[in-house]
Every structure is written in C-alpha cells, then in structure tokens.
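Okay, so the sequence shown: first residue is 31 according to my numbering, each after it adds one. Cβ coordinates follow ideal geometry from the N, Cα and C atoms, glycine included. Just so we're clear, the structure is a prediction, and the values are computed from it rather than from any experiment. Down below is the structure, laid out as structure tokens.
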Amino acid sequence: MIKVKNLTKYYGSRLAVDNISFNVAKGEIVGFLGPNAAGKTTTMRILTGFMMPTRGDVWVAGYDMLSHSLEARQHIGYFAEAVPLYTDMTVRSYLDFLARLRGLDKNRIKTRIGDVVGICHLEEYIDVLIGKLSKGFRQRVGVAQAIIHEPEVLILDEPTVGIDPIQVAMTRQLIKELGKEHTVLLSTHILPEVSMTCGRVIIIHEGRIAAEDSIENLASMIGGAKRIRLEVAGPSQQVAERLRQIKGVQRVSYQDSDYTVECAAGQDPRGQIMEAIVRSGWSLLSLESIEMSLEDIFLKLTTEEETNR
31 MIKVKNLTKY YGSRLAVDNI SFNVAKGEIV GFLGPNAAGK TTTMRILTGF MMPTRGDVWV
91 AGYDMLSHSL EARQHIGYFA EAVPLYTDMT VRSYLDFLAR LRGLDKNRIK TRIGDVVGIC
151 HLEEYIDVLI GKLSKGFRQR VGVAQAIIHE PEVLILDEPT VGIDPIQVAM TRQLIKELGK
211 EHTVLLSTHI LPEVSMTCGR VIIIHEGRIA AEDSIENLAS MIGGAKRIRL EVAGPSQQVA
271 ERLRQIKGVQ RVSYQDSDYT VECAAGQDPR GQIMEAIVRS GWSLLSLESI EMSLEDIFLK
331 LTTEEETNR
C-alpha cells in the first residue's frame with residue numbers, strides 16, 4: 031500500500047531525510063517514531079503529497095505520488111496533528127463539506143456521514159458546533175474527516191496528543207478497528223500506545239531509518255543484556271554485594287528490598303541467583319525477567335549514538 035524508496039529531502043543545505051526506504055503492506059498498522067527533528071514530519075508531509083522530495087520515490091495504493099499525485103491522494107486519509115476544523119460548523123455540516131470537497135457522489139454523502147459518525151462514536155454530537163466539543167471529540171471529528179472518502183491508506187499524526195486517558199483508550203480502540211479495513215501509518219510520541227496498537231514499528235533518527243521490525247524482534251536483536259527484577263527479604267547491602275559476585279551479573283541496583291540485575295549478553299543467571307539467596311539464608315519473595323519495552327528500544331537507538339560521540 032505504501033512504498034518508499036531512497037527518499038531524500040534537503041532544506042537548503044540541511045539534510046532532513048537521508049535516503050530512506052520502507053514498505054507498509056495492506057492491512058498493517060505500523061508505528062512511525064522518531065525524536066524531534068528526526069525527519070518524521072517531513073517524511074509524512076511527502077507521503078501525503080504536501081511536500082516534494084529532493085529525490086526518491088513514493089507510491090501509495092500503486093500510484094506514484096510524484097507523477098500521479100491526485101490519484102495517490104484520493105487513496106489517502108490524513109489526520110494532521112493540527113486538523114483544520116471549522117469551529118463555527120456542526121459536525122454534520124463539516125463532514126458534508128469535506129465529503130463534497132473530496133468529490134463524493136451527493137447521493138452517497140448522507141449515508142457516508144452516518145457511517146463515519148458511527149465508527150467514530152459521534153452520534154450524540156452530530157449537530158453540535160465543533161467549537162463546543164472537547165479536545166478529544168474534536169480529535170474524533172478529525173479522524174472522521176480522514177475516512178469520509180473511504181481511503182485505503184490512513185496516515186495519522188499524533189491522534190492522541192492532548193487528550194485525557196479515557197479518550198486515549200477510546201482512540202486506541204478506534205485505530206485498531208480502522209486497521210481491519212485500512213492500512214495505517216501511525217505517528218505518535220506516546221510509545222505505550224504504539225506497543226498496544228501496532229504490529230510493527232519504524233524508527234527514524236537523524237533522517238535515517240534506525241530500526242524497522244516488530245517490537246518483539248527489535249527487543250531480541252538490540253536488547254543485549256537481560257534484566258531481572260527480584261524481591262529479597264534480607265540486608266540490602268549484603269544482598270546486593272552477593273548478587274554482584276554471581277557470574278554473568280554486570281550491574282545491580284536496589285531500593286529497599288527490590289533489586290534490578292543486569293546480566294551480560296547471552297547470560298541467564300536466574301538459577302545461580304536463587305541458589306545464592308537460599309544458601310545465604312535470605313527469603314526470595316519474587317523473581318522475574320524484565321522484557322525490553324518500546325521506550326527502552328527507542329531510547330537505546332536514539333540516544334546511544336549521541337552518548338558515544
């Protein structure tokens with residue numbers, strides 16, 4: 031559905047996007063992540079036809095964005111971080127206006143408005159002025175306008191920014207539902223949302239693709255050291271010192287009776303840890319491996335390079 035090949039963008043002499051390539055297949059929900067000034071927003075503007083690249087190619091739904099921009103854009107629904115909503119219009123009139131602007135058949139518009147209002151759970155607000163809606167419901171109107179023309183591809187830029195936790199959860203569920211019928215590229219700074227929504231992530235850093243895979247595979251590939259969390263009833267300093275003596279343990283941190291152990295790559299000293307605790311006469315209250323989170327992966331990929339400079 032989305033194919034990007036050797037995409038490059040300069041702003042004057044500054045390189046913003048550096049020869050990136052990636053694909054998003056039909057039916058995927060893919061997270062597109064990056065720190066500020068990484069090239070993420072520039073890439074999304076190029077994908078949606080709002081900006082031309084310096085060089086490279088973009089295809090959406092089989093159409094070349096550079097030579098057949100109109101056709102490609104007809105297959106895209108775009109939710110921008112700042113959706114241009116007309117606050118003096120009702121939800122119904124705004125969606126009607128957007129549907130006509132998108133070229134929908136006038137006999138289809140009424141039915142389609144009913145469809146998207148239902149999908150976005152806006153039935154109670156269809157005749158309310160947009161200016162009177164909360165931020166969360168305005169976000170839903172933004173999603174509704176993005177799908178009014180039944181696009182195959184949805185590009186969502188920060189759909190959960192600035193809304194309360196209840197609205198975030200509802201938007202997350204909405205994106206999952208949309209993913210059943212659309213190809214979705216989701217950009218957000220809220221990493222737990224990506225973990226709960228996306229099957230795959232693309233991380234861009236300094237204009238280049240730093241990583242691209244499922245969260246599980248990325249954790250396996252770059253995770254390096256295994257981490258173990260345990261709770262021990264015993265003298266804290268002595269417990270920490272005993273843990274540091276175990277082969278394969280690189281680092282131990284603790285607070286009260288809770289300990290976090292970092293192990294060397296390829297090492298799993300859980301058995302030795304349990305044996306050492308018992309032999310020392312202390313009580314092991316709990317022990318678990320700590321899975322690498324998307325936030326851990328993101329920080330490792332986007333900060334390690336600066337640290338090593």
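| Query | Result |
| --- | --- |
| Counted within 10 angstroms of its Cβ, other Cβ atoms place Tyr155 as buried (16 or more) or exposed | buried |
| Exposed unless 16 or more other CB atoms sit within 10 angstroms - verdict on Arg339 | Residue confidence for Arg339 is low, a pLDDT of 49 falling below 50, so the modelled location carries little weight and cannot support an answer. |
| Limits of the unbroken beta strand (DSSP E) element including Gly144 | Gly144 -> not in any beta strand (DSSP E); alpha helix (DSSP H) instead, spanning 136-149. |
| Beta-bridge pairing of Arg130 - partner residues as DSSP gives them | Bridge partners of Arg130: none, in fact. |
| Separation of Val224 from Ile320, as counted between CA atoms | 19 Å |
| Residue from Arg257, Lys277, Ala91 with nearest C-alpha to Tyr289 | Arg257 |
| CA-to-CA distance, Asp243 to Ile50, given in whole angstroms | 15 Å |
| DSSP three-state assignment for Tyr116, whether helix, strand or coil | coil |
| Cβ pair count under 8 Å reaching 3, the stretch 172-186 against the stretch 195-212 | yes |
| Closest residue to Gln280 among Ala295, Ile327, His235 (Cα-Cα distance) | Ala295 |
| Buried versus exposed, by CB contacts within 10 Å (16 or more), Asp194 | exposed |
| Cβ pair Ile185, Met119 closer than 9 Å | no |
| Which listed residue (Lys35, Glu318, Met74) has its alpha carbon closest to that of Arg300 | Glu318 |
| Thr73 - containing alpha helix (DSSP H), residue span | 70-77 |
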